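K.L.:
Below: one structure in structure tokens.
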Amino acid sequence: MPIALITGASRGLGRAAARALAQRGWSLIVDARRADDLADAMRGLADVAAVPGDVTDPGHRAGLAAAVAGAGGLDLLVNNASRLGPSPQPLLRDYPLDELARVYDTNVLAPLALIQLLAAPLTAAAGTIVNVSSDAAVEAYPGWGGYGSAKAALDQLTAVLAAEEPSLRCYALDPGDMRTDLHQQAFPGEDISDRPEPETVVPALLRLIDERPPSGRYRASDLAMPAVAS
Ligand SMILES: NC(=O)c1ccc[n+]([C@@H]2O[C@H](COP(=O)([O-])OP(=O)(O)OC[C@H]3O[C@@H](n4cnc5c(N)ncnc54)[C@H](OP(=O)(O)O)[C@@H]3O)[C@@H](O)[C@H]2O)c1
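Residues in the sequence shown are numbered from 9 upward in steps of one, following this note's numbering.
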């Protein structure tokens, strides 16, 4: 049975991905800061180890690594947990640097720290890393300089990692807009009911896992299209 670690699995895309993989028979290790929400989200799923905690906490990350060791390996790491930063998002000229450090800590340093901790089992499995990115990593939207530059750094980490680790598949996945808490936080007071549900992105994630295209940056909207015949 393949084994996956998904961060930020109590709601949104992480929850949708965890449910889909569990239904396919994967064994899961999941986290989120709020233990009750995580337990509620995983209720009814078989073979899930819920390890509540904050990905920026080295002690929690060590707990995740211990859970991976207990499971006997790791085929897939999904770095999904994310921090938007202040809401509404400030212009860069006003961006509080202590907040920026927290955004980078969650969106850049914690994913890399998990990759470092889990490199050995991932390599042993010739496994897959999916770092969840954003269009804000490549588009210059006013107000998105903190979160967007953190996701751009995550994209570049992913690209260099792919060059350094040819035995792994390393993906940055841009999911596109989704109707989630993080998105509502980015658009405070706005009606976001026209945005697609996070479940709509799961087929793109599954396609990366199943088809294992070359490492790189992928948009979920492109992966939703049929494969181009060669
Ligand atoms: N929604 C969008 O439109 C959109 C667009 C582009 C990219 N993305 C990306 O898609 C991914 C999923 O976002 P989402 O919209 O599904 O978010 P979401 O619904 O707000 O869910 C975020 C999840 O991450 C957990 N989390 C947050 N900070 C954490 C931390 N420090 N440690 C551990 N868990 C943490 C949350 O639980 P707790 O709060 O209990 O910790 C929750 O389970 C993120 O990487 C995001 O940047 C989203």
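Here a beta-carbon is modelled for each residue, glycine too, at the ideal position from N, C-alpha and C.
Quantities reported herein were computed from a predicted structural model and do not represent experimental measurements.
Heavy atom of ligand 1 less than 6 Å from the Cβ of A148, yes or no?
P.N.:
Outside the cutoff, so no.
K.L.:
Identify every run of the beta strand (DSSP E) within the segment 204 to 235, keeping only runs that are complete inside it and at least 3 residues long; order them along the chain.
P.N.:
224 to 227
K.L.:
Tell me T166's beta-bridge partners as DSSP assigns them.
P.N.:
According to DSSP, T166 bridges with nothing at all.
K.L.:
Can you give me the start and stop residues for the alpha helix (DSSP H) that V111 sits inside?
P.N.:
L105 to Y112
K.L.:
Using alpha carbons as the reference points, say which of S141, A89, A134 and L46 lies closest to P183.
P.N.:
S141
K.L.:
Does the segment 91 to 99 come within contact of the segment 46 to 58, defined as at least 3 CB pairs closer than 8 Å?
P.N.:
Judged by pairs of C-beta atoms under 8 Å, the segment 91 to 99 does not touch the segment 46 to 58, as fewer than three such pairs exist.
K.L.:
Does the Cβ of T188 lie closer than 6 Å to at least one heavy atom of ligand 3?
P.N.:
As for ligand 3, it is missing from this structure, which binds only ligand 1.
K.L.:
Evaluate the contact criterion for the segment 141 to 158 versus the segment 101 to 109: three or more CB pairs, one atom per stretch, below 8 Å.
P.N.:
yes
K.L.:
Please name the residue in L120, V38 and A132 whose C-alpha comes closest to that of G81.
P.N.:
A132
K.L.:
Compare the C-alpha of L214 against each of G16, A17, T15 and R27 and name the closest.
P.N.:
R27
K.L.:
For V56, verify whether its CB is less than 6 Å away from any heavy atom of ligand 1.
P.N.:
no
K.L.:
Shorter than 6 Å, the distance from the beta carbon of C39 to the closest heavy atom of ligand 1, or not?
P.N.:
Note that residue 39 corresponds to Asp in the displayed sequence, not to Cys. Result yes, Cβ under 6 Å from ligand 1.
K.L.:
Using 8 Å for Cβ pairs, my map puts L165 next to L120. What's the rounded Cβ distance?
P.N.:
6 Å
K.L.:
At which residue ranges does the segment 92 to 162 contain complete beta strand (DSSP E) runs of 3 or more residues, listed in the order of the chain?
P.N.:
For the segment 92 to 162, whole beta strand (DSSP E) runs of length 3 or above, ordered along the chain, are 136 to 140.
K.L.:
Please return the same chain residues whose Cβ sits closer than 6 Å to the Cβ of I11, not counting the five positions on each side in sequence.
P.N.:
S35, A79, G81, L82 and D83.
K.L.:
Starting from D182, trace the beta strand (DSSP E) both ways and give me its first and last residue.
P.N.:
Unbroken beta strand (DSSP E) run through D182: R177 to D182.
K.L.:
Which word fits A212, buried or exposed, when buried means at least 16 other C-beta atoms lie within 10 angstroms of its C-beta?
P.N.:
Under this definition A212 is a buried residue.
K.L.:
Could you give the DSSP three-state label for A17: helix, strand or coil?
P.N.:
coil
K.L.:
Tell me, please, which residues DSSP counts as bridged to I37.
P.N.:
BP columns for I37 point to L13 and A57.
K.L.:
What residue range is occupied by the uninterrupted alpha helix (DSSP H) comprising L72?
P.N.:
P66 to A79
K.L.:
What does the alpha-carbon distance come out to for the pair A25 and V210?
P.N.:
6 Å
K.L.:
Can you tell me whether D189 is buried or exposed, with buried defined as 16 or more other CB within 10 angstroms of its CB?
P.N.:
exposed
K.L.:
Based on the DSSP secondary-structure assignment, which residues constitute the bridge partners of L85?
P.N.:
L13 and I137
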